[in-house]
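Visitor: Per our numbering, the very first residue in the sequence shown carries number 75; after that it's consecutive. Where a beta carbon is used, it is the ideal one built from N, C-alpha and C, also for glycine. Before I ask anything, here is the structure I am working with.
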Amino acid sequence: MTLSEIEAAGWAALQQAAADPHAGFRTVTLCSVDAAAAPQARMVVLRACDPARRTLEIHTDIRSPKWAELIADRRVTVLGYCAQTRLQLRLPGTATLHGPETPTAAAAWDRLPPWTRSTYAGGPPGDERAFAGPGQPLGAEPPADGAGRACFGVIVVQAVALDWFRLQRQDNRRARFHYGPDGALTAAAWVNP
Ligand SMILES: Cc1cc2nc3c(=O)[nH]c(=O)nc-3n(C[C@H](O)[C@H](O)[C@H](O)COP(=O)(O)O)c2cc1C
């Protein structure tokens with residue numbers, strides 16, 4: 075495969091993952107930098123991908139620490155690995171945050187199923203929680219359908235580069251791609267794995 079073909083296939087795999095809960099890149103690691111300049115990483119679901127603009131979309135609770143981290147420092151890396159294809163994709167980029175009042179968040183919220191919406195209706199992520207028994211929050215009532223909307227935010231990552239790495243026994247392959255601010259490909263090269 076040529077550089078251009080593997081780059082296109084990498085983005086196609088990300089796009090497919092956004093539509094398929096069972097795809098290898100469906101869950102990726104979102105890395106950010108916290109207030110102490112320490113690295114932070116967590117799993118997230120890939121919700122959308124625009125291969126032409128080289129953007130990725132992630133949903134989160136705006137009360138979670140990552141949201142405040144990204145307001146202070148927009149630099150991120152998205153890291154994914156697909157066990158079926160033995161492919162690692164590493165995408166450094168810049169995060170743009172779309173809070174609950176924005177059209178982007180409103181449109182994404184409207185597409186969410188009720189059970190996903192309900193995950194935004196609980197207490198602030200990371201706060202201490204009291205439990206009545208295994209898995210049962212004290213005094214839990216089923217949340218109203220719109221209850222989590224004010225906490226729902228969308229993170230759009232504009233990739234500035236793609237580091238593509240395929241494990242192939244004795245013949246690992248690696249390539250690096252760079253993008254302009256609008257996602258246009260500006261450089262591509264094979265590199266030593
Ligand atoms: C498989 C998996 C998928 C997850 N997907 C998301 C997600 O899409 N958005 C999100 O905010 N948290 C998601 N989480 C929870 C995060 O990993 C993390 O625990 C939480 O967002 C708090 O992160 P923070 O304290 O760094 O803000 C997921 C966790 C797992 C295990």
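Shorter than 6 Å, the distance from the beta carbon of M117 to the closest heavy atom of ligand 1, or not?
Guide: Because some heavy atom of ligand 1 lies under 6 Å away, the Cβ of M117 counts as near it: yes.
Visitor: Give the list of continuous beta strand (DSSP E) stretches no shorter than 3 residues that lie fully inside the stretch 175 to 211.
Guide: DSSP runs (the beta strand (DSSP E)) wholly in the stretch 175 to 211: 205 to 207.
Visitor: Buried or exposed, going by whether 16 or more other CB atoms sit within 10 Å of the CB of Q232?
Guide: Counting Cβ neighbours within 10 Å, Q232 comes out buried, since at least 16 surround it.
Visitor: Quick one, which of L171, A235 and V265 has its alpha-carbon nearest G254's?
Guide: When each option's Cα is compared against that of G254, the closest is A235.
Visitor: When the distance is taken between beta carbons, is S106 closer than 7 Å to V152?
Guide: Their beta carbons are not under 7 Å apart, which means V152 does not touch S106 by this criterion.
Visitor: Return the bridge partner residues of Q158 from the DSSP annotation.
Guide: None, per the DSSP bridge assignment.
Visitor: As an exercise, report each continuous beta strand (DSSP E) stretch of at least 3 residues that is fully enclosed by the stretch 230 to 259, in chain order.
Guide: Within the stretch 230 to 259, the complete beta strand (DSSP E) runs of at least 3 residues are 235 to 240 and 247 to 253.
Visitor: Taking G227 and A181 to be in contact with their CB atoms under 8 Å, please state how far apart those CB atoms are, rounded to whole angstroms.
Guide: Contact flag wrong, Cβ pair sits at about 13 Å.
Visitor: Please confirm if R160 has its CB atom under 7 Å from at least one CB of chain C.
Guide: Absence of chain C from the displayed structure is noted, only one protein chain being present.
Visitor: Quick one: is the Cβ of T76 within less than 6 Å of any heavy atom of ligand 1?
Guide: Incorrect: T76 has no Cβ contact closer than 6 Å to ligand 1.
Visitor: Mapping the DSSP letters down to three states, classify R137 as helix, strand or coil.
Guide: Correct three-state label for R137: coil.
Visitor: Spell out a yes or no on whether the stretch 189 to 202 and the stretch 152 to 168 are touching, meaning 3 or more CB-CB pairs, one atom from each, closer than 8 Å.
Guide: In short, these stretches do not touch, since the Cβ pair count stays below three.
Visitor: Assign G220 to one of two classes, buried (16 or more other C-beta atoms within 10 Å of its C-beta) or exposed (fewer than that).
Guide: G220 should be labelled exposed.
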